[in-house]
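Heads up, the thing below is written out as structure tokens.
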Amino acid sequence: MKTTVTTAVGEEKWNGSLWGVALRTSLVLIVLCGIAYPLVCTGLAQLIFPSQADGSMVKDSTGRVVGSELIGQSFTDPSFFQGRVSSIDYQAEGSGSNNYAPSNPELLKRVQASIADWQKNNPDVPVSELPVDLITNSGSGLDPHITPESAKAQVPRISKLRGVSVDELNLLVERYTEGRDLGVFGEKRVNVLKLNLALSELGKS
Amino acid sequence: MDILQICIVIFVLLLLVKPVGTYVYHIFSNEPNRTDRIFGGVERFLYRIIGLKQRGSMNWKKYALSMIATNIVLVAVSYILLRTMGALPGNPSGIGNMEASLSFNTVISFMTNTNLQHYSGESGMSYFGQMIVITMMMFTSAASGLAIAIAFMRGITRRGEGLGNFFEDFIKAHVRLFLPLAFIVTLLLVGLKVPQTLEPMRAVQTLGGGMQQIPLGPVASLESIKHLGTNGGGFFGVNSAHPFENPSPLTNVIEILSMWTISASLPYTFGRFARNKKQGWMISSVMMTLFVAFLCLTYFSEKAGNPLINQLGINSSGGSMEGKEVRFGIAQSALFTTVTTAATTGSVNNMHDTLTPLGGLAPLAEMMLNVVFGGKGVGFVNMIMYAILGVFICGLMVGRTPEFLGRKIEAREMKLIAVAILMHPFIILAPTAISFMTHLGTDAFSNPSYHSLSQSIYEFTSSAANNGSGFEGLADNTVFWNVSTGLVMLLGRYISIIALLAVAGSLAVKQKVAETPGTFRTDNKLFAGILTGTVLLIGALTFLPVLVLGPVAEFLTLN
Numbered sequence: 062m063k064t065t066v067t068t069a070v071g072e073e074k075w076n077g078s079l080w081g082v083a084l085r086t087s088l089v090l091i092v093l094c095g096i097a098y099p100l101v102c103t104g105l106a107q108l109i110f111p112s113q114a115d116g117s118m119v120k121d122s123t124g125r126v127v128g129s130e131l132i133g134q135s136f137t138d139p140s141f142f143q144g145r146v147s148s149i150d151y152q153a154e155g156s157g158s159n160n161y162a163p164s165n166p167e168l169l170k171r172v173q174a175s176i177a178d179w180q181k182n183n184p185d186v187p188v189s190e191l192p193v194d195l196i197t198n199s200g201s202g203l204d205p206h207i208t209p210e211s212a213k214a215q216v217p218r219i220s221k222l223r224g225v226s227v228d229e230l231n232l233l234v235e236r237y238t239e240g241r242d243l244g245v246f247g248e249k250r251v252n253v254l255k256l257n258l259a260l261s262e263l264g265k266s
Numbered sequence: 259m260d261i262l263q264i265c266i267v268i269f270v271l272l273l274l275v276k277p278v279g280t281y282v283y284h285i286f287s288n289e290p291n292r293t294d295r296i297f298g299g300v301e302r303f304l305y306r307i308i309g310l311k312q313r314g315s316m317n318w319k320k321y322a323l324s325m326i327a328t329n330i331v332l333v334a335v336s337y338i339l340l341r342t343m344g345a346l347p348g349n350p351s352g353i354g355n356m357e358a359s360l361s362f363n364t365v366i367s368f369m370t371n372t373n374l375q376h377y378s379g380e381s382g383m384s385y386f387g388q389m390i391v392i393t394m395m396m397f398t399s400a401a402s403g404l405a406i407a408i409a410f411m412r413g414i415t416r417r418g419e420g421l422g423n424f425f426e427d428f429i430k431a432h433v434r435l436f437l438p439l440a441f442i443v444t445l446l447l448v449g450l451k452v453p454q455t456l457e458p459m460r461a462v463q464t465l466g467g468g469m470q471q472i473p474l475g476p477v478a479s480l481e482s483i484k485h486l487g488t489n490g491g492g493f494f495g496v497n498s499a500h501p502f503e504n505p506s507p508l509t510n511v512i513e514i515l516s517m518w519t520i521s522a523s524l525p526y527t528f529g530r531f532a533r534n535k536k537q538g539w540m541i542s543s544v545m546m547t548l549f550v551a552f553l554c555l556t557y558f559s560e561k562a563g564n565p566l567i568n569q570l571g572i573n574s575s576g577g578s579m580e581g582k583e584v585r586f587g588i589a590q591s592a593l594f595t596t597v598t599t600a601a602t603t604g605s606v607n608n609m610h611d612t613l614t615p616l617g618g619l620a621p622l623a624e625m626m627l628n629v630v631f632g633g634k635g636v637g638f639v640n641m642i643m644y645a646i647l648g649v650f651i652c653g654l655m656v657g658r659t660p661e662f663l664g665r666k667i668e669a670r671e672m673k674l675i676a677v678a679i680l681m682h683p684f685i686i687l688a689p690t691a692i693s694f695m696t697h698l699g700t701d702a703f704s705n706p707s708y709h710s711l712s713q714s715i716y717e718f719t720s721s722a723a724n725n726g727s728g729f730e731g732l733a734d735n736t737v738f739w740n741v742s743t744g745l746v747m748l749l750g751r752y753i754s755i756i757a758l759l760a761v762a763g764s765l766a767v768k769q770k771v772a773e774t775p776g777t778f779r780t781d782n783k784l785f786a787g788i789l790t791g792t793v794l795l796i797g798a799l800t801f802l803p804v805l806v807l808g809p810v811a812e813f814l815t816l817n
């Protein structure tokens, strides 16, 4: 079957200036895809989903913005739940990690140091209950989540430091555990910033 | 649950193949269609602006030249924009001009649909640059690749009509496919918390008392076309591992399907062009078989974890979580990794450098084969090339002139195919060897021993396959790496495109041979087996030694 625009056999019938058309095509698409499309998207996104489009910022009870729920933060105070290892210390202006290969001796050294640290700060929880996500560097260095197991493993330490009962903290962790998306995709996880925010409110009331 | 969620994603993909493949066929078959009413007006307006008066069919040389001319203009304009970025508007974070060799690498990288990034988005690219250079090239490079694939399909399935009109195909790919889809996916992603704003970086005082600079920007509009166009370049340094680019498992699934669907549908489109749907399904089945094998290798290897860490007595049931995000876990990470290197997208949701040795071997091998789905068109076209090679080998064995889709395969086609097949290993292995001979290359390696070979081979394989992912520990923003990978990307894209269009042009003018009971069929299970064998055999012959020295040796030392 013949196409509607072709006229005859394989010989070209088209005699326009090829470079002129190429130039104009490029300029038109630069305007269309490089300026119009992103700006229209921005306008609509700001109109329909303003809070998501601006980075899903989180406020504390006084209304102060304390960060984005999607961007992990550094918690050095041991009375807070701690997030994953981050070679950039959660400095969000330059995401990244060390990219240690599994065979890199530096990786083993860093993991061993994390384990020693854990034993010192969490004498009540044996190393065999320390989940692997707490001692490994996330890909982005900004992972906002830890696994529920990692949160629960920190409960005895925080209970002792804050004088809040283990049961109450376990309940808090469960309340802040997010399920898999649509019940099947991804992993169960706990948002460290939201959990810590709730933890700090707990002390105030 | 891991296996279930992977199966659901694959199932949804299979459901999408037929409608999307049919839609793509209707766009480019140039037969009157319902969608003309929606898009016809816009297209005619654009044809008028660009001065395309007649839309006659082109021969392969003119088609290739039109594509290359358009790409050259886009590269030149983008290079100038990057070099003067600091002085242009839309730069709230005050980012400076891009350095010359890095600009060269970046424009080549985005024009060739590779999206290898030697810059980091947060600190090296203004919002204006992200939109007018990066987002724009994500559209135009994808449309260029798709146009080539369509022209190739026309050439090998239709006789005496030329390959179509490049400019018409190019505009249609934007208007009917990429722009509308990107628009929808952008809004979906924003709804699921991907930022889309022109506000500058925001400073906040964190709960722990420190300060944090939170980078923002028009992320979602880039993210959608990055995957739909199998581009893969991230807005931020860590790409889709960044919580703003990929905030949840659901966005992860959307991104996987965005990059996978069009590539996986092209064999079906081809089946429509060839008026033989079985032929299309045969190719799909070979691609899917290879894909599932590589997916299993990555998944089980990552799930088993790193033996050196596991033996420290921790709770290692989570698998190898170094370089991965908790929200994705092993299943969504392994699936993303296998899809992104199959579809030659090159976005990453975990750091490939940190993958276990065999988990990292799978993405590397997929890019070496470069036929498992493939990016916009390229993987499909490569697969057809292997199919013709398979037919040729079978023809030699039974002593008949080989035929494919009713055309005789002769010396001219085989020579061109040999060039295209041999070019790929050559532009991977030769520069890798060079990188080990000079400190300009070896200084970049960040991991010791066998893994340094993996880093170098991955970088050039990714460049040659126009994938763009990396073993990102490599300190690759140097003149040596910018220029060498830039050249490899150029050769990897344009040499094979020219060779393949020449094959299509040559087949398009051949007499059709009548089908007889003795004709060797290329649409059945037997041929699917032969095709898989051809792909694996050629791949193993060229790349096995280097895989043994890199990932396999690392695997053996870990255990």
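Going line by line, the protein sequences match chains Y and L. Per our numbering, residue 62 is the first one in the first sequence, and the count goes up by one each step. Per our numbering, residue 259 is the first one in the second sequence, and the count goes up by one each step. No residue lacks a Cβ here, since even glycine has one placed at the ideal position from N, Cα and C.
query	result
Compare the C-beta of Lys-451 (chain L) with all C-beta atoms of chain Y and state if any pair is closer than 8 Å.	yes
Please list, in chain order, the chain L residues whose beta carbon lies closer than 7 Å to that of Ala-83 (chain Y).	Ser-324, Ala-327, Thr-328, Val-331
Considering only residues of the segment 283 to 359 of chain L, which uninterrupted alpha helix (DSSP H) runs meet the minimum length of 4 residues and lie entirely inside it, listed in chain order?	294 to 308, 318 to 341
Helix, strand or coil: how does DSSP classify Lys-120 (chain Y) here?	strand
I'd like to know whether the C-beta of Gln-375 (chain L) is nearer than 8 Å to at least one C-beta of chain Y.	no
Less than 8 Å between the CB atoms is what I'm expecting for Gly-353 (chain L) and Ser-384 (chain L), so what's the real figure, rounded?	In the sequence under discussion, the amino acid at residue 353 (chain L) is Ile, which differs from the Gly named in the question. Contact flag correct, Cβ pair sits at about 5 Å.
How is the alpha helix (DSSP H) around Arg-250 (chain Y) delimited, first residue to last?	Run containing Arg-250 (chain Y): none in the alpha helix (DSSP H); it sits in the beta strand (DSSP E), 250 to 252.
Quick one: which chain Y residues come within Cβ less than 8 Å of Thr-444 (chain L)?	Cys-102, Ala-106
So what does DSSP say about Met-681 (chain L), is it helix, strand or coil?	helix
Which parts of the segment 426 to 503 of chain L are runs of the beta strand (DSSP E), unbroken and 3 residues or longer, counting only runs that do not cross its ends?	460 to 463, 469 to 472
For Glu-72 (chain Y), which residues in the same chain have their Cβ closer than 7 Å to its Cβ, ignoring the five residues on either side in sequence?	Any reading at Glu-72 (chain Y) must be qualified, since the residue scores a pLDDT of 39, below 50, and its modelled position is unreliable; the value itself is stated next. Excluding positions up to five away in sequence, the list is empty.
Look at the alpha carbon of Ser-574 (chain L) and the alpha carbon of Val-253 (chain Y), and state the distance between them as a whole number of angstroms.	21 Å
Counting only C-beta atoms, is Thr-68 (chain Y) closer than 8 Å to chain L at any point?	At Thr-68 (chain Y), the pLDDT of 40 sits below 50, so the modelled position is not reliable and the matter cannot be decided from this model.
Output the distance between the C-alpha atoms of Phe-286 (chain L) and Ile-520 (chain L), rounded to the nearest integer angstrom.	14 Å
When we look at the beta-carbon of Ala-271 (chain Y) and count the other beta-carbons within 10 Å, is it buried (16 or more) or exposed?	The requested residue 271 (chain Y) does not occur in the structure, where chain Y is confined to residues 62 to 266.
With DSSP run on the structure shown, which of helix, strand or coil describes Lys-74 (chain Y)?	Because the pLDDT of Lys-74 (chain Y) is 43, which lies under 50, any placement of that residue in the model is unreliable, and the question is left without a value.
Give the interface partners of Arg-585 (chain L) over in chain Y, defined as CB-CB distance under 9 Å, in chain order.	Asp-204, Pro-205, His-206, Glu-239, Asp-242, Gly-247, Glu-248, Arg-250
Helix, strand or coil for Pro-163 (chain Y) per DSSP?	coil
Looking only at its own chain, which residues have a Cβ that is under 8 Å from the Cβ of Gly-157 (chain Y), when we skip the five neighbours before and after it?	Ser-148, Ile-149, Ser-201, Gly-202
Looking at chain A, is there any beta carbon in it that lies within less than 8 Å of the beta carbon of Val-225 (chain Y)?	As a matter of chain content, chain A is missing from the structure shown, whose protein chains are Y and L.
With respect to the beta strand (DSSP E) encompassing Val-127 (chain Y), which residues constitute its N-terminal and C-terminal limits?	126 to 129
Return helix, strand or coil for Arg-665 (chain L), following the three-state DSSP convention.	strand
Between the beta-carbon of Glu-130 (chain Y) and the beta-carbon of Lys-249 (chain Y), is there less than 8 Å?	no
Any residues in the segment 131 to 148 of chain Y with a beta carbon nearer than 8 Å to a beta carbon of chain L? Which ones, in chain order?	Leu-131, Ile-132, Gly-133, Gln-134, Ser-135, Phe-136, Thr-137, Asp-138, Phe-141, Arg-145
I'd like the span of the alpha helix (DSSP H) that includes Gly-571 (chain L), first residue to last.	No alpha helix (DSSP H) holds Gly-571 (chain L); DSSP gives it neither H nor E.
Let's test the definition: count the other Cβ atoms within 10 Å of the Cβ of Glu-262 (chain Y) and tell me whether it reaches 16, buried, or not, exposed.	exposed
Between Leu-698 (chain L) and chain Y, is the shortest Cβ-Cβ distance under 8 Å, so that the two count as touching?	no
Establish whether the CB of Gln-263 (chain L) and some CB of chain Y are separated by less than 8 Å.	yes
What does a CB cutoff of less than 7 Å around Ile-390 (chain L) pick up in its chain, not counting 5 residues either side in sequence?	Leu-339
Our contact map puts Arg-241 (chain Y) next to Pro-501 (chain L) with C-beta atoms below 8 Å; I'd like the distance itself, whole angstroms only.	Not a contact, Cβ separation roughly 17 Å.
Give me the Cβ distance between Val-188 (chain Y) and Gly-571 (chain L), rounded to the nearest whole Å; I'm assuming they're in contact under 8 Å.	5 Å
What's the gap between the Cα of Lys-319 (chain L) and the Cα of Ser-764 (chain L)?	11 Å
What in chain L is Cβ-close to Ala-299 (chain Y), meaning under 7 Å?	The requested residue 299 (chain Y) is not part of the displayed model; chain Y covers only 62 to 266.
In the DSSP output, which residue or residues are listed as bridge partners for Thr-238 (chain Y)?	Y:Val-251
Along chain L, which residues have their Cβ under 8 Å away from the Cβ of Gln-173 (chain Y)?	Leu-570
Out of L:Leu-663, L:Gly-637, L:Gly-657, state which residue places its alpha-carbon closest to the alpha-carbon of Ala-678 (chain L).	L:Gly-637
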